[in-house]
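*Asks:*
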Amino acid sequence: MKISVITFLLAILPSLLLAQTTISGTVMDNKGMPVFGANVYLEGAYDGSTTEANGNFSFETTETGTQVLIISYVSFEPFKFVEDVTKMKNLKITLREDVNSLETVTISAGSFSAGDNSRISVLKPLDIVTTASALGDFVGALQTLPGTTTVAEDGRLFVRGGDAGETQIFIDGIRVFTPYSPTTNNVPTRGRYSPFLFDGITFSTGGYSAEYGQALSSVLLLNTIDESTQEKTDIAIMSVGAGLGHTEKWEKNSLSVNASYINLAPYIALLPDRNDWQKPFETASGEAVFRQKIGDGLLKVYGAFDTSDFELTQDDINQPDGTRFMLNNQNFYTNASYSEMLNKGWTIFGGGSYTYGKTKVGIDDANIKDVENSAHFKLKLKKRFSNRFKMNFGAEQFVTDFNENYDDPNVDANLGFNNNISAAFTEADIIFSRKLALKLGVRGEYSELFSEFTISPRISFAYKTGKSSQLSLAYGDFFQQPESEVLKFTNSLEAQHTQHYIMNYQYSANNRIFRAEIYRKQYTNLVTYNDEFPDVNTTFLNNGDGYAQGLDLFWRDNNSIKNVDYWVSYSYLDTERKYRNYPIKAMPNFANTHNLSVVAKYWINDWKSQIGFSYQYGSGRTYTDLNEPGFLQKKTKGYNSLSLNWAYLISQQKILYASINNVFAFKNVNGYQYANTADANGNFARRELLPAADQFFFVGLFWTISDDGKDNQLDNL
Amino acid sequence: MQNVVTYLMIFFTALIMQGQTDSAVNAAAEPTKYQQGMRKAFQLWQENKSWEAANVFERIAAAEPDNWLPPYYVAQINVINSFTEKDGTKLKAQLDKAQNFINDATAISKDNPDLLVLQAQLYTAWIVFDGQQYGMTYSPKASELYGKALGLAPNNPRIILAKAEWDMGGAKYFGQSIEPYCKDIQRAIELFATFKPAGEFYPTYGEERAKQIQAESCK
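For the protein sequence lines, the chains are A and B, in the order given. Residue numbers for the first sequence follow the numbering used here, beginning at 421 and rising by one. Residue numbers for the second sequence follow the numbering used here, beginning at 172 and rising by one.
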């Protein structure tokens, strides 16, 4: 009571001495509806008011002359009005919606986001590591998304009828040249990089930004963590090896190192598989991330080294004793990037990567030694003109030097090539309103090897159809050089080419997401050749072509069933192509018509456990039956696998984790190998191509030691 | 996982402003515009008109570019109101606004334990909203902020309380002893008895909350 009397007196007193001006008006939103609760005030003065339910405001001020009137309200852009106070009467003010809001349309055609940064995340960071079938491999988790084909024996990403080489992987915007660990033909590979180094993942199955090139079908963008959270040590003891990680943090910089050793010898001794291993798979790897803040800039340096070694004998229908296969690989990758916010809305980003890969492969009597040195440099400038208009400009250079030595009792050959590609791109992001957004880009590339210049326009567009739904369209042209298997024999070719047409519908509300996407992808200029196995005498041409079209559906629901989070993906794919040595257009053997994934996670609070379930179905893949006329004319039976996992929190810092892949031991056949020669009856004998093992078991204990005793490795699983 | 984190966080209750206006009427001298404005804001807040109070704090913040308290309170009101907000769009707008004001306040007053705790509370609001999505990233960040704040102000009862309450949530879930945190809370209560805010309108909340936790959890 006392306060208000004093306040009243104090408020009245100066008014007796000074002239007062009344400022008044109405605040509306862009639909003409009154805004209730907006803050209206003169900048730098204390005078102001809050709008009423009808949007009206009125207050008195002793300020005179030209002043700045500010109107601010959550989820609208602040409004500034400069005028003489005496003219600030009966103002009609319309606020502009803030397009940074969650309600703003986002361009979703073709891409899936995972992580905190995206507005609508299809996958959350933890999903990468708690999906039952993924075994901690980020690529494995992405294979539960629509648009991917289950090629169980391979393990790489096959997107919308494209082969694995059509997907490129980038870390912090910089290309990774050798993303997968090498393996043998019936054991799936894994991504080389540990998922817990990344906090944002964008997986695009088509129509992606002009910033990315040299990918016909898809890009996978991984962003490393900007800032480590705390000092800690991670220890992992697993049935297949061990891992050790440590993070050290200082005022302006931090360093994380991680080492792991995997040896499958004990596992294979206990549970022999279909391969006859002379030297079971063994790999040692180390990774480090260093981050340094420099003023307003951030420098990140990432390095990874790994070495793998194994030797085995595999069944072969043409060789009664089987085929010997040995592999020894060393891979080093480093990536450094620097980004800084400059003045006036400019941001600069510069980065580079260098890859050194050395592989020795022995197949029966032949020894093949490959050495690849590759580098990528990129410089990008971003200008933010306003929340509604942004532009990107950039230039980049790819350098690859590849050498191969092939040695068998009859031949000793040296092959190799240098492939340099220069590229420049620019892209504009325009947000017209919360309902309508457009991205326009163009990319030019020059290949020194082919003396060829290509230009790729990209455009995408999004329109909000309702409060929680939107429609996106995308179109783009994409070029990619042929792979090193071809370039080592010839350089008189052109880039291969695709065009993507995508239409996407997305509904997202209350922790439920539904996406439907139809697409058409047109392939031209695919490389063809006339021999069964290409060599220096082979004729290579760019006269292959093909198409892929289909429908992808995705549904995720985290809301309807208590403690259960699940998603379902379905893809329908229709594709044919003529490439390599295909005599006719056919569906390639890495594609199939139907793919279904169901992933569910159930949290049992009383047990402090999360149980995960994952089911994958892929309809049959094509193979050529030599006993009947035709090419890739038959299909295998469908692929089925159901996997389970269990994570138990022993304490805040100790987690016990177990998983079984293919619980019901479905016998999956990936294809058939036919004999080179027919038997006495004119029949070609055949052999089933089976996975090395039908099932896989994994047990691990993950233990984190940190000062505050809180952090754990849930994110590493 | 979502539930682990939610569980950890559920013990955390938004800390309500209290007792600010007690010291308001002792100024014999004529109050400055700043004092008038701040008093008016606290009065509105006490009358449960928190958004109007936030508007007043925002106006003061615009007029007092060198004082971290007005932006601190704008952010605090937005954070507290976010704990009960179920609409993701509104939540993001409020927390973005809070974050902007925390950034403003931090630019004025670096290494301020009250701002660090408020930042940790902002992260907690995200975690409470969607633990599965935000828990993994923000939970260790919040832990670190509490640790840093306590390092800067080891004898500030409000900081001791905030960290103890956060840690207690985790310990309870895993069935571990909460004894050490009860000791911290007892210590906070003792320190509250003699706590003097650094100046007029500085944060003073926490004593009631400490006693409440002690009564509920540390018998």
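For every residue, glycine included, the Cβ atom is placed at its ideal position computed from N, Cα and C.
Let me know the secondary structure DSSP gives A/Ile1004 once reduced to three states.
*Replies:* coil
*Asks:* Can you list the residues of chain A that B/Phe345 reaches, using a CB-CB cut of under 8 angstroms?
*Replies:* Lys1028, Leu1069, Ser1071 and Gln1072
*Asks:* Are the C-beta of A/Thr470 and some C-beta of chain B separated by less than 8 angstroms?
*Replies:* yes
*Asks:* Does B/Arg329 get closer than 8 angstroms to chain A when you measure Cβ to Cβ?
*Replies:* no
*Asks:* Answer with buried or exposed for A/Asn755, where buried requires no fewer than 16 other C-beta atoms within 10 angstroms of its C-beta.
*Replies:* buried
*Asks:* What first and last residue would you give for the alpha helix (DSSP H) that runs through A/Ala936?
*Replies:* Here A/Ala936 belongs to no alpha helix (DSSP H); instead the beta strand (DSSP E) covers Arg932 to Tyr949.
*Asks:* Which chain A residues are close to B/Trp222, counting only those with a beta carbon under 8 angstroms from its beta carbon?
*Replies:* Gly457 and Thr470
*Asks:* Name, going along the chain, the residues of the stretch 610 to 626 of chain A whose beta-carbon falls closer than 9 angstroms to a beta-carbon of chain B.
*Replies:* Asp619
*Asks:* Suppose you measure from the CA of A/Phe813 to the CA of A/Asn763; what does that come to, to the nearest Å?
*Replies:* 17 angstroms
*Asks:* Could you give the DSSP three-state label for A/Ser528: helix, strand or coil?
*Replies:* Three-state DSSP puts A/Ser528 in coil, outside helix and strand.
*Asks:* Hey, how far is the Cα of A/Ile591 from the Cα of A/Thr644?
*Replies:* 7 angstroms
*Asks:* Which class does A/Val505 belong to by DSSP, given the choice of helix, strand or coil?
*Replies:* helix
*Asks:* Taking any Cβ of chain B, which residues in the stretch 923 to 939 of chain A have a Cβ under 8 angstroms from it, in chain order?
*Replies:* Asn931
*Asks:* What does B/Lys268 touch in chain A if you count any residue whose Cβ is under 7 angstroms from its own?
*Replies:* Val494
*Asks:* Answer with buried or exposed for A/Ile981, where buried requires no fewer than 16 other C-beta atoms within 10 angstroms of its C-beta.
*Replies:* exposed
*Asks:* One question on the structure: do A/Glu702 and A/Asp729 come within less than 8 angstroms of each other, judged by their Cβ atoms?
*Replies:* A contact, by the Cβ cut-off of 8 angstroms.
*Asks:* With a cut-off of 8 angstroms on the beta carbons, I'd call A/Ser638 and A/Ser624 a contact; round off their distance for me.
*Replies:* 6 angstroms
*Asks:* Across which residues does DSSP place A/Pro877 in a beta bridge pair?
*Replies:* Per DSSP, A/Val862.
*Asks:* For a test of the three-state rule: what should DSSP assign to B/Asn226, helix, strand or coil?
*Replies:* helix
*Asks:* Confirm, please, whether the CB-CB distance from A/Val460 to A/Ala857 is below 8 angstroms.
*Replies:* no
*Asks:* DSSP puts A/Thr775 in a beta bridge; with which residues?
*Replies:* A/Tyr753 and A/Ser794
*Asks:* Considering only residues of the same chain and omitting the five flanking positions on each side of A/Trp1123, which have a CB-CB separation below 7 angstroms?
*Replies:* For A/Trp1123, the CB contacts under 7 angstroms within the same chain, skipping 5 residues up- and downstream, are Ile655, Gln1073 and Lys1074 in chain order.
*Asks:* Shorter than 8 angstroms from the beta carbon of B/Asn226 to some beta carbon of chain A?
*Replies:* yes
*Asks:* Could you please give me the residues that DSSP links to A/Val677 through a beta bridge?
*Replies:* A/His666 and A/Ala708
*Asks:* Which residue's Cα is closest to the Cα of A/Ala882: A/Leu913, A/Ile875, A/Phe898 and A/Ile850?
*Replies:* A/Ile850
*Asks:* By Cβ distance, which residues of its chain are closer than 6 angstroms to A/Gly964, with the 5 residues on each side in sequence left out?
*Replies:* Excluding sequence neighbours, A/Gly964 sits near Leu946, Thr948, Lys998 and Tyr999.
*Asks:* Does any residue of chain A have a CB that is nearer than 8 angstroms to the CB of B/Phe182?
*Replies:* Residue placement at B/Phe182 is flagged as unreliable, the pLDDT there being 34, under the threshold of 50; the coordinate-derived value follows with that caveat. Residue contact check for B/Phe182 against chain A: no CB pair falls below 8 angstroms.
*Asks:* Give the DSSP bridge partners of A/Asn838, in chain order.
*Replies:* Bridge partners of A/Asn838: A/Asp821.
*Asks:* Quick one: which residues of the stretch 247 to 269 of chain B get their C-beta closer than 9 angstroms to a C-beta of chain A? List them in chain order.
*Replies:* Asn249, Gly259, Thr260, Lys261, Leu262, Lys263, Ala264, Gln265, Asp267 and Lys268
*Asks:* When burial is assigned at 16 or more other CB atoms within 10 Å of the CB, is B/Arg380 buried or exposed?
*Replies:* buried
*Asks:* How far does the alpha helix (DSSP H) with B/Thr260 in it extend, from its first residue to its last?
*Replies:* First-last of the alpha helix (DSSP H) with B/Thr260: Gly259 to Ile279.
*Asks:* Kindly indicate if chain A contains any beta-carbon less than 8 angstroms away from that of B/Lys319.
*Replies:* no
*Asks:* Starting from A/Ser1061, trace the beta strand (DSSP E) in both directions and tell me its first and last residue.
*Replies:* Tyr1059 to Ser1071
*Asks:* When you compare only the Cα positions, how much space is there between A/Thr885 and A/Pro566?
*Replies:* 23 angstroms
*Asks:* Out of curiosity, what's the CA-to-CA distance linking B/Tyr205 and A/Gln926?
*Replies:* 50 angstroms
*Asks:* Select from the stretch 465 to 489 of chain A all residues with a C-beta closer than 7 angstroms to any C-beta belonging to chain B, and list them in chain order.
*Replies:* Ala465, Tyr466, Gly468 and Thr470
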